[in-house]
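At position 748 of the sequence shown (counting the first as 1) the number is 753 in our numbering, and the numbers step up by one without a gap. A virtual CB, placed ideally from N, CA and C, is assigned to each residue, including glycine. Just so it is clear, the structure is predicted and the values come from calculations on it, not from any experiment.
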Amino acid sequence: MSKSSKKFDRFESPRDFRLSHQILCVTGFNFQRKSIIGYTELHIVPLKPGLNKIKINSKQCRVYRVCINDYWEASFMYNDPTLEICQSDSRQRNLNFFSGCHYDAVSSVDTDKNNGELTIKIPHSASHLLSEQKPLRVSIEFSLERPQGGLHFVVPETDGTMEERGAHLFTYAYEHSSRLWFPCIDSYSEPCTWKLEFTVDASMVAVSCGDLYETVYTPDMRKKTFHYILTIPTAAPNIAVAVGPFEILVDPYMPEVTHFCLPQLKPILEHSTDFIHEVFEFFEENLSSRYPFSCYKQVFVDEAFVQADTYSTMTIFNTNLLHTRRVIDQTFETRTILTQALAEQFFTCFINMQSWNDAWLVKGISKYLTGLYLKKVFGMNEYRSIIYKELTDLCVYEQDIGGLTLCPEPLTPNKGDSASHLHFPRNHSHTVSWKYAKMLANKSHLVLRLIELRIGPELLLQVFNKLLSLATAAAQQKFFLANAWYNLLLSTPGFLKALSNVSGKDLTSFIEQWVTQGGIVRFHGNFIFNRKRNIVELEIRQDPSRKGVFKYVGPLKVTIQELDGSFEHTLQVEENLVKGEITCHSKSRRHKKKKIPLLNGEEVDMDLSAMDADSPVLWIRIDTEMTLLRQVTFDQPDFQWQYQLKFERDIAAQLEAIKALRQFPSTDTIQTLGGMIKDKTAFYKVRVKAAEELSKVANELFASFNGSSALMEIFYDLFGAYNCRRIVKQNDFSNFQDYFLQKALPMSLAYIRDSHRVCPKETLSFLTDLIKYNDNRTNRYSDNYYIASLINALTETITPAVAMVTTSVEHLSPETKLVLEEVTRCLNLEKMLPCYHHTITISCLNSIRMLQKNGHIPSDSTLFQTYAQYGHFLDVRVAALKALVDYVKVEGVNNYGADVFSWLLDIVEQDPVPYVRHKVLRMLIKNPPFKHKSTSPLCNEALVERIWALMNSGTSHDSRLRCDAVDFYYTLFGRNRPSFLPIPELGMVLNLREKRALLNPSVVKEDPIIHQTEHVDSVSSDTRKRKSDSHSPAFKKETSFRKESSSSGSSAEMKDVPSKQMKQEHLHIDILSHHDDMDEHDDEVRPPTPGCNISDIVSPPTPGGSIKQDLDLSPVIGDSERVSFPALTDRELKPELTHSASKDALHKKKKKKNKHKHKHKREREGETSQRNTPSPMN
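Here it is as structure tokens:
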């Protein structure tokens, strides 16, 4: 094993027992009460004779009885610190304190740390079993009613039986969360075999993990029990169940694969899953290993937590992934998600991670295998575009947060995360941000691809085969063999050892660069051609001082395309500035046409008239194969970027050239981009990107170039009728590349602006004609996405109004009236004939919001709130909520959006669909009503208390939503305590020993500069243990501004700082608030109006809202009164508590005693009460 892998200790379970088998029996599902009842039995093998307590995970379940071997009844205790994170001191309102408490809370119930919510005490009468180390059977009877997470009931509010209404339920989890619906050892490191039994109504079907070996009906034939058995050791987080009136489809190509869907969806289920057997064959062929399980089940449900939730032998999908043969756009997404889910059966369900530090392996390998299949099916260009996009997104994200580490070094025990640049602990799956986890998966995929480039794809697949072979052999062994099932767990040291054994290469430096440290590499290059010496003088710089960037040391490949071919050179990077002299292989030819050999061996004719006559260099690229996680900017003339775009065959190079040409607005650039749009041999994403950038370049040259006419001519050339090119021919989407370009060109045309910075009238007429005369009668594919793109293009033509219009339609401008009429017509037509996924409704809602935002119609939220209510199609709800988030952002400046903002927070707190709650918070994070340290009427104490309560205790059963709330709090208020919060009662601290009064550190305002080196560790482990010492009144009044204390648990003393010195130093202070006893009932909460749930995307319910065909636009621009919603708070902040308050002003109030006697009296009373209060300083 390499030296790097020795840094990681082998994972050893801290538990004094091991789990060999578990039985889960759910005897009743009640859809009316939304409850389940059942029992579970854990077969435990003691490892030490002194075992007297067993800690397991159980959250929100009501435990009735615990028995040992069905004979001894055991006592138990339940304790869940995650129900309320900050239990010790509710006055803290900063994320540094919260992060420490959050990590301590999840660690206190982490079974990998020998903890758990449920502690079972083994009776003394059964102690002889422990001394003999005989297996124990721990039986637990439990029930669960109205779960807040982990188990989701979908019960449409319609008439009929549960079967007729399509009622169903399913489990969901964010990482390991099976504890939310049954007691278990909720850890990936404790696999065992399973026996599962579920009793349901006779009309229902129960789908679970493992093989269905028996279905038994009750004597009255009203209920039946499904018996599943899972012989391959599986961890509890990979156990799931789905119950509903599912229609069953056995795969015609693979009988061991079964698909389940809700009623009336079987026809589209057949089409959506007809390719899955090909994915099985591809994975088994490339991995040289058979599918590890004996069966596979795909269940499609409504209101899914995520698009795909994988478990052993089954995956729960979102119903919205299903589509017919007529739909094009959804096909790519559905096939990608279904392929990813099947890849996770190999690496995530069969072979899983030992700990969270090893999560990057299973996530990266599954995405890597998915990429191989997408490369085969969709082509190399599609695969390269996916890699390029993931790399670009990762570079942006890492430079934003300061670095993402895949496998950090083992952290110090009893300490939080040492990553100073993060506002959350990264070393637990329940504390990391959702976006961080998403980017971790992307980076894992990219790192696995870098390993492939270094050892070769064949050897990497051999490594995967070796891991699968060892795991398969381990799964067949008996439990009683020592460490029999540990090969089912994948660790970083084990993977590195397998890499070294198979490839024979030392990857120590690679692991240290890309796995154990975070960040990316950033290069900036330029060159000068030396004619006399015929060399290229290359200069490459890197700036490791930037956030999220580290200094790279190693080889760097540079590719130079010359007249005589493409040549690759390797530079050794050791310093921040690298200079290299590269000899050219070609001689310059003055303006001669010549066949130029490219990197792929192709020879093309080039017009060399645009290039420098003295230089043979056509273009230069750095790291062409993306062998590093890097961001590259390179300076070269515009004609070289044009050559690179036209003749380079790599899609990444073409996208880089298009992005660079944006900085060179000229006629040549427009001709190059236009030629790329017309080039049918180019990849469609390159053509789409060229059309997008063409509109931006045309806007720079509005005085000399008519971009609108040029794009229209391109559209007519490509999609005009043969007899009359000015008439657009009937839709024919059989060529998918032309289809995507046909959708993109109108959008690019809508971005064109004239000299007055408004959209030309001919563009508006052109777009409305495309919608009006759209003909899809002979097309075999649906045009709903195409029409939606035309409406989106129509929306982009809207420019800000000069003055706000009245509610009368007559006062609208002709252009605005034309757009509004077309949007109204499409929206009303959509009500009568809804399209797939209601894409046209979504585009119409976006258009109406854009009209409001630009001042053409009055800004009103009523229409969007109607569409956002529960019961509408999910995508429609999300679009309406997005419009409301934008409404709050725009109208919040004038305090008009407070009621809508409160309504959105009601959605977050009370909406029955977990995905909607998550989506609202993510949209608020992306488009916040205000940003940190900005002034806004919405920024007040009530908002701080509401979001703090949400992430502290309001999201205790949904770790994803809790992390979203933390991200939202960080976006609005930063890591420190908001400066506008009320001043604590003790403004001064009197030190009797030193005979001086000190300013309480808790009143110091938040420092305007947030240092990037600030550590979460500033809140020590002793501070986080306040819940055990918080009974002292003196302790409650001390601040958390302290040095790192010892592990004894005693309170650290407050450091005395003179007032003058405190004014000059930048201090990180946790401030206490005295408004803990706020009346929560002051703010009325109005939940969103519930509606009927849909389970059939073929015939969805009619969307809400009403827009009449005769342009009665009352819901949009009506003069009715604004809908009243509860405000955030009725309190008014005192003037001294606003942002204008300062430390100097606080001192001046202490000095002006003669002028303000009433203030002097109040201060004297405060000092007297302070003297009577015990101080931790004394």
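Alpha-carbon to alpha-carbon, residue j and residue i
| i | j | result |
| --- | --- | --- |
| Leu699 | Asp643 | 15 Å |
| Ser113 | Thr87 | 9 Å |
| Asn506 | Leu475 | 14 Å |
| Asp314 | His426 | 31 Å |
| Leu775 | Pro751 | 9 Å |
| Leu347 | Ser818 | 54 Å |
| Lys938 | Phe978 | 7 Å |
| Ala703 | Ile656 | 23 Å |
| Asp972 | Ser104 | 11 Å |
| Glu463 | Leu504 | 12 Å |
| Glu826 | Met717 | 23 Å |
| Glu1011 | Lys858 | With a pLDDT of 48 at Glu1011, under the threshold of 50, the modelled position of that residue is not reliable, and the figure given next carries that caveat. Taking the straight line joining both Cα atoms gives about 34 Å. |
| Asn57 | Gly249 | 42 Å |
| Leu613 | Ser713 | 30 Å |
| Ile244 | Gly725 | 55 Å |
| Gly606 | Trp365 | 37 Å |
| Lys471 | Glu289 | 13 Å |
| Tyr76 | Gln27 | 18 Å |
| Tyr441 | Leu411 | 11 Å |
| Phe102 | Pro430 | 11 Å |
| His450 | Thr375 | 10 Å |
Where residue i sits in the DSSP three-state scheme
| i | result |
| --- | --- |
| Pro238 | strand |
| Cys1 | Since the displayed the chain opens at 6 and closes at 1183, residue 1 lies outside it and no answer follows. |
| Met611 | strand |
| Gln1186 | Residue numbering for the chain in the displayed model covers 6 to 1183; residue 1186 lies beyond these limits and cannot be assessed. |
| Gln636 | strand |
| Val114 | coil |
| Val520 | coil |
| Ser474 | helix |
| Glu586 | strand |
| Glu544 | strand |
| Tyr301 | strand |
| Asp737 | coil |
| Lys1 | Residue 1 cannot be examined here, being either before or after the span of the chain that is shown, 6 to 1183. |
| His877 | strand |
| Asp279 | coil |
| Arg527 | strand |
Outcome for residue i when other beta-carbon atoms lying within 10 angstroms are tallied against a minimum of 16
| i | result |
| --- | --- |
| Lys894 | buried |
| Pro1006 | Confidence in Pro1006 is poor, its pLDDT being 48 and thus under 50, which makes the residue's placement unreliable; the coordinate value appears in the next sentence. By the 10 Å Cβ count, Pro1006 comes out buried. |
| Asp109 | buried |
| Thr940 | exposed |
| Gly553 | buried |
| Met82 | exposed |
| Glu579 | exposed |
Residue i vs residue j beta-carbon contact at 9 Å
| i | j | result |
| --- | --- | --- |
| Cys66 | Pro242 | no |
| Leu292 | Leu473 | yes |
| Leu396 | Leu660 | no |
| Arg846 | Tyr875 | The question names Arg, yet the displayed sequence has Thr at residue 846. For Thr846 and Tyr875, no; Cβs fall outside 9 Å. |
| Tyr393 | Lys380 | no |
| Tyr791 | Lys748 | yes |
| Thr477 | Pro297 | yes |
| Val71 | Ile190 | no |
| Val563 | Ile625 | yes |
| Thr783 | Gln735 | yes |
beta-carbon residue i near the ligand ADP non-hydrogen atom, thresh 8 Å
| i | result |
| --- | --- |
| Glu275 | As far as ligands go, the structure on display features none, and thus does not contain the ligand ADP. |
Of all the beta strand (DSSP E) runs that stay within the bounds of the region 140–177, which reach a length of 3 or more residues? 141–150, 156–159 and 173–176
Along the chain, which unbroken stretches of the alpha helix (DSSP H) at least 4 residues long are found entirely within the region 946–974? 946–954
Counting only runs that start and end within the region 26–91, where is the beta strand (DSSP E) found for 3 or more residues in a row? 40–51, 58–61, 67–73 and 80–83
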